[in-house]
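Chemist: Numbering (our numbering), first residue to last: 1 to 118. First the structure, which I've put down as C-alpha cells, then a few questions once you've had a look.
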C-alpha cells in the first residue's frame with residue numbers, strides 16, 4: 001500500500017465507489033421497470049374485464065361482525081365512543097385506499113393514452 005501513490009489510491013477508490021453507485025442505480029432502474037410492467041399488466045386486465053362486462057373484483061364489502069367486535073372491545077375496557085371512532089377511522093382508511101387505487105388507474109390510463117399518441 002505504501003508503494004502506491006496517494007493520489008492514485010484515492011482515484012481508484014473514487015472509481016470503485018462510482019462503480020458501486022452505478023450498480024445500485026442500475027438495480028433501481030430494473031426494479032422501476034418491473035413495477036411499471038406490473039402496473040401496465042394490471043391496467044390491461046382491468047380494461048379487459050371492463051370490456052368483457054365482468055366486474056373487476058373489489059374488496060368493498062364490510063364483512064366484520066360489528067356487534068361481536070363491539071362486545072369484545074367493551075369487554076377489553078374500551079368505551080363505545082372509542083370503538084365507534086376506531087371503526088370510523090378504519091372505514092376512512094378503506095375509502096382512502098380505494099380512492100388511491102382509482103387515482104393510480106386514472107394516471108396509468110392517461111400515461112397509456114399519451115404513449116399511444118406519440
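Glycine included, C-beta positions come from ideal geometry on N, C-alpha and C.
Looking only at C-alpha atoms, which of 67, 52, 44 sits nearest to residue 146?
Modeler: Any question about residue 146 goes unanswered here, given that the chain covers just 1 to 118.
Chemist: Taking C-beta to C-beta, are residue 32 and residue 108 nearer than 8 Å?
Modeler: On the chain shown, residue 32 is found 32 positions in, with the first residue counted as 1. On the chain shown, residue 108 is found 108 positions in, with the first residue counted as 1. No, the pair does not count as a contact, with Cβ atoms beyond the cut-off.
Chemist: Taking only three categories from DSSP, how would you classify residue 76?
Modeler: Here residue 76 corresponds to residue number 76 of the chain shown, with the count starting at 1. Looking at residue 76 - three-state DSSP - the assignment turns out to be coil, as it is neither helix nor strand.
Chemist: Which same chain residues, not among the five before or five after residue 104, have their C-beta less than 8 Å away from its C-beta?
Modeler: Stepping through the chain shown from its first residue, residue 104 is reached at position 104. So the list reads 39, once near-sequence residues are dropped.
Chemist: Quick one: Cα of residue 86 to Cα of residue 102, how far?
Modeler: Indexing the chain shown from 1 puts residue 86 at position 86. Indexing the chain shown from 1 puts residue 102 at position 102. Going by the C-alpha atoms only, they are around 24 Å apart.
Chemist: Going by DSSP in three states, residue 12 sits in which element: helix, strand or coil?
Modeler: Numbered from 1 along the chain shown, position 12 holds the residue referred to as residue 12. Correct three-state label for residue 12: helix.
Chemist: Could you tell me the distance, in whole angstroms, from the CA atom of residue 25 to the CA atom of residue 9?
Modeler: Here residue 25 refers to the residue found at position 25 when the chain shown is read from its first residue. Here residue 9 refers to the residue found at position 9 when the chain shown is read from its first residue. Computed Cα separation, rounded: 24 Å.
Chemist: Alpha carbon to alpha carbon, how far is residue 7 from residue 17?
Modeler: Within the chain shown, residue 7 is the residue found at index 7, counting from 1. Within the chain shown, residue 17 is the residue found at index 17, counting from 1. Computed Cα separation, rounded: 15 Å.
Chemist: Using DSSP with H/G/I as helix, E/B as strand and the rest coil, what is residue 4?
Modeler: Counting from 1 along the chain shown, the entry for residue 4 is found at position 4. Coil, per DSSP.
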